[in-house]
Amino acid sequence: MNKRKLFAPCDFLIIVVVALIALCFTLFLFFQNDTSSSVACIKINGEVYREISLNQTQNIDLENNGHHASIHIDNGEVYFSFSDCPDKLCVNQGAISRNGESIVCLPGRFSVSIISSDKENDLDAVIN
Ligand SMILES: [Zn+2]
Numbered sequence: 501m502n503k504r505k506l507f508a509p510c511d512f513l514i515i516v517v518v519a520l521i522a523l524c525f526t527l528f529l530f531f532q533n534d535t536s537s538s539v540a541c542i543k544i545n546g547e548v549y550r551e552i553s554l555n556q557t558q559n560i561d562l563e564n565n566g567h568h569a570s571i572h573i574d575n576g577e578v579y580f581s582f583s584d585c586p587d588k589l590c591v592n593q594g595a596i597s598r599n600g601e602s603i604v605c606l607p608g609r610f611s612v613s614i615i616s617s618d619k620e621n622d623l624d625a626v627i628n
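So for the sequence shown, this note's numbering puts the first residue at 501; every next one is plus one.
Shown next, in the form of structure tokens:
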């Protein structure tokens with residue numbers, strides 16, 4: 501029974517550490533999730549088709565080799581609103597809103613990823 505008391509301060513310490521880590525993580529996500537300067541980078545066949553600011557509301561229709569898909573950008577979120585691919589994985593993945601996230605439609609070879617427009621100068625390096 502004395503052992504239980506002995507561990508109590510350690511338990512408290514762990515809780516504090518976990519809370520601090522969670523706080524840091526939340527702050528990190530908060531800044532990471534600042535999509536005000538983010539763009540949706542849409543690629544077809546691995547080549548950049550269009551880059552659209554997440555601040556806009558837009559619907560982009562894509563066509564590639566008989567495959568069709570629509571990407572919707574609204575209020576900082578991006579998602580496949582339509583696709584005629586058989587698996588529908590891209591549509592089912594739902595919306596993405598954070599830098600670095602992406603949705604890929606393998607059958608149509610469409611992809612959309614969120615990138616920070618601050619890195620625009622490095623964009624060529626990232627793409628190639
Ligand atoms: Zn798909």
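Idealized CB from N, CA, C, for every residue including glycine.
Only residues of its own chain outside the window of five on either side were considered, and among them Phe580, Ser583, Ile603, Cys605 have a CB closer than 6 angstroms to the CB of Cys590, listed in chain order.
In the DSSP annotation of this structure, the continuous segment of the beta strand (DSSP E) that includes Asn564 starts and ends at 558 to 564.
Our two residues, Ala540 and Ile573, have alpha carbons roughly 8 angstroms apart in a direct line. As DSSP reads the structure, Asp574 sits in a beta bridge with Glu577. A contact between stretches requires three or more CB pairs, one per stretch, nearer than 8 angstroms, and the segment 606 to 616 meets this requirement with the segment 543 to 555.
Assigned with DSSP and collapsed to three states, Cys585 falls in coil, not helix or strand. By the criterion of a C-beta distance shorter than 7 angstroms, Pro607 is surrounded in its chain by His567, Cys585, Pro586, Asp587, once the five residues flanking it on both sides are discounted.
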